[in-house]
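Notes follow the structure.
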Amino acid sequence: MIFKKLLIKKQKFRDVDDKGINIFLANVEALCCIEQVTKLLLDHKSQQAYVYNYDPSLFYLMGSERNSLSKEIIEQFRAIEDLPIIKKYCDIINKYFTDKTNEFDRTYFFSIDFVCNEGTDEQFSLCIKVLPYLYTSNKKLHASLCFFEKSNHTGKPKLKLHNVKDQKVLVYSTATGHFIDQERTELSPLEIEILRRSGEGEKEQFMADALELTLGSLKRIKAGIFEKLKVRSISEAIFVAYKQGLF
Numbered sequence: 006m007i008f009k010k011l012l013i014k015k016q017k018f019r020d021v022d023d024k025g026i027n028i029f030l031a032n033v034e035a036l037c038c039i040e041q042v043t044k045l046l047l048d049h050k051s052q053q054a055y056v057y058n059y060d061p062s063l064f065y066l067m068g069s070e071r072n073s074l075s076k077e078i079i080e081q082f083r084a085i086e087d088l089p090i091i092k093k094y095c096d097i098i099n100k101y102f103t104d105k106t107n108e109f110d111r112t113y114f115f116s117i118d119f120v121c122n123e124g125t126d127e128q129f130s131l132c133i134k135v136l137p138y139l140y141t142s143n144k145k146l147h148a149s150l151c152f153f154e155k156s157n158h159t160g161k162p163k164l165k166l167h168n169v170k171d172q173k174v175l176v177y178s179t180a181t182g183h184f185i186d187q188e189r190t191e192l193s194p195l196e197i198e199i200l201r202r203s204g205e206g207e208k209e210q211f212m213a214d215a216l217e218l219t220l221g222s223l224k225r226i227k228a229g230i231f232e233k234l235k236v237r238s239i240s241e242a243i244f245v246a247y248k249q250g251l252f
């Protein structure tokens, strides 16, 4: 499964007794059962991934086995068009969890929204939330948790950093290679109007004149829209904006 990419390698753990690991795993599974959620627990020390599949609303996607995912969903994960982007996001998450242990606790987590079976009648979206769960005394990440949830996401995969304590959400910008405030990724009224006019087939020069923009400025704004929505074309941007209810 692609999310085994979130297993962090080459951490130097102290030689500690792991007799309590089975109790720890049982407690996590019990919570998943009680809360009716689907989680993936990643044990970075043993390099093992444990599936706890208890969300009935996801059985049609994940299968109904409690401790494994269906072969179909695993194959669909492997066939994701933007798999390289998701793998890159996993690397970014791992780097934050290992490099910034002084700053991170359970009030921070990441999420990746992505689309499976894109462009088919079986297209669906998922959100996976990833949080550090257990650090050792020498600040090595022993275990992290991944929550699977249904999503309304469209377009390219999106990586977010959530600060629960400060109630802030940052979005990873592929253009800058940094996290930026989510508000900076939301479309302005002018950008929405440009998409609306584009959807009506209006030519760029007429549009620029009507909006009192130069043609160069209009093209730069369009490029910014593509970056915000994680799309490559104006038709994709119009579709994503429509799905988001912007017009």
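Take 6 as the starting number for the sequence shown in our numbering and just add one per residue. For each residue, glycine too, the CB sits at the ideal point set by N, CA and C. Just so it is clear, the structure is predicted and the values come from calculations on it, not from any experiment.
Identified DSSP bridge partners for residue i
{"i": "His-167", "result": "Phe-114, Val-174"}
{"i": "Asn-143", "result": "Asn-143 pairs with nothing; no bridge assigned."}
{"i": "Gln-53", "result": "Asp-48"}
{"i": "Ala-242", "result": "Ala-242 pairs with nothing; no bridge assigned."}
{"i": "Lys-155", "result": "Leu-131"}
{"i": "Cys-95", "result": "Cys-95 is not bridged to any residue."}
{"i": "Asn-58", "result": "Thr-43"}
{"i": "Ser-149", "result": "Leu-47, Pro-137"}
{"i": "Phe-184", "result": "Tyr-177"}
{"i": "Val-120", "result": "Ser-130"}
Assumed close pair residue i, residue j - CB separation to whole angstroms, cut-off 8 Å
{"i": "Phe-18", "j": "Lys-145", "result": "6 Å"}
{"i": "Ala-242", "j": "Phe-231", "result": "6 Å"}
{"i": "Asn-122", "j": "Gln-81", "result": "6 Å"}
{"i": "Ile-226", "j": "Ile-199", "result": "6 Å"}
Closest by C-alpha distance to residue i, when choosing among the options
{"i": "Ser-149", "options": "Gln-128, Ile-133, Gly-124, Gly-68", "result": "Ile-133"}
{"i": "Gln-52", "options": "Ile-13, Arg-202, Arg-83, Lys-92", "result": "Ile-13"}
{"i": "Val-33", "options": "Lys-10, Tyr-57, Phe-82, Lys-50", "result": "Tyr-57"}
{"i": "Gly-182", "options": "Ser-116, Lys-227, Tyr-94, Asp-214", "result": "Tyr-94"}
{"i": "Glu-188", "options": "Lys-165, Lys-208, Gln-210, Asn-99", "result": "Lys-165"}
{"i": "Pro-194", "options": "Leu-251, Phe-119, Phe-153", "result": "Leu-251"}
{"i": "Phe-152", "options": "Leu-131, Val-169, Ser-73, Gln-172", "result": "Leu-131"}
{"i": "Ser-240", "options": "Met-212, Arg-202, Gln-210, Ser-62", "result": "Arg-202"}
{"i": "Ser-116", "options": "Thr-219, Lys-155, Glu-209", "result": "Lys-155"}
{"i": "Lys-170", "options": "Leu-218, Thr-112, Glu-209", "result": "Thr-112"}
{"i": "Lys-50", "options": "Gln-16, Leu-63, Ala-31", "result": "Gln-16"}
{"i": "Thr-103", "options": "Tyr-138, Leu-88, Glu-40, Leu-45", "result": "Tyr-138"}
Separation of residue j from residue i, as counted between CA atoms
{"i": "Glu-86", "j": "Tyr-65", "result": "21 Å"}
{"i": "Leu-5", "j": "Leu-47", "result": "Given a span of 6 to 252 for the chain in the structure shown, any question on residue 5 remains unanswerable."}
{"i": "Lys-9", "j": "Phe-244", "result": "32 Å"}
{"i": "Met-6", "j": "Asn-143", "result": "29 Å"}
{"i": "Glu-205", "j": "Leu-216", "result": "15 Å"}
{"i": "Ala-213", "j": "Leu-223", "result": "6 Å"}
{"i": "Cys-38", "j": "Val-236", "result": "38 Å"}
{"i": "Leu-220", "j": "Ala-228", "result": "13 Å"}
{"i": "Lys-173", "j": "Tyr-55", "result": "30 Å"}
{"i": "Gly-124", "j": "Gly-25", "result": "46 Å"}
{"i": "Lys-92", "j": "Asp-126", "result": "25 Å"}
{"i": "Leu-218", "j": "Glu-77", "result": "50 Å"}
{"i": "Leu-192", "j": "Ala-31", "result": "45 Å"}
{"i": "Ser-238", "j": "His-167", "result": "28 Å"}
{"i": "Ser-62", "j": "Phe-211", "result": "48 Å"}
{"i": "Glu-209", "j": "Glu-40", "result": "52 Å"}
{"i": "Lys-44", "j": "Leu-88", "result": "20 Å"}
{"i": "Ala-84", "j": "Tyr-101", "result": "27 Å"}
The ligand FAD heavy atom lying under 7 Å from the CB of residue i
{"i": "Glu-217", "result": "Among the components modelled here there is no ligand, and therefore nothing to report on the ligand FAD."}
Own chain residues within Cβ distance below 6 Å of residue i, not counting five before or after
{"i": "Leu-136", "result": "Phe-114, Leu-150"}
{"i": "Ile-90", "result": "Pro-162"}
{"i": "Arg-71", "result": "Asn-58"}
{"i": "Asn-99", "result": "Ile-13"}
{"i": "Ser-73", "result": "Val-56"}
{"i": "Ala-180", "result": "Glu-232"}
Close Cβ partners of residue i (< 7 Å) along its chain, the five nearest in sequence each way excluded
{"i": "Ile-185", "result": "Leu-175, Val-176, Ser-178"}
{"i": "Glu-207", "result": "none"}
{"i": "Thr-190", "result": "Val-176, Lys-233"}
{"i": "Lys-248", "result": "Thr-159"}
{"i": "Ser-75", "result": "Met-67, Gly-68"}
{"i": "Val-120", "result": "Gln-128, Ser-130, His-158, Thr-159"}
{"i": "Ala-35", "result": "none"}
{"i": "Val-42", "result": "Tyr-59, Asp-60, Phe-152"}
{"i": "Asp-118", "result": "Ser-130, Cys-132, Ser-156, His-158, Pro-162, Lys-163"}
Cβ-based neighbour list, residue i, same chain, cut-off 8 Å, excluding 5 preceding and 5 following
{"i": "Ile-79", "result": "Met-6"}
{"i": "Asp-96", "result": "Lys-10"}
Chain D contact for residue i (CB, 8 Å cutoff)
{"i": "Phe-119", "result": "In summary, chain D is missing from the structure at hand, where a single protein chain is found."}
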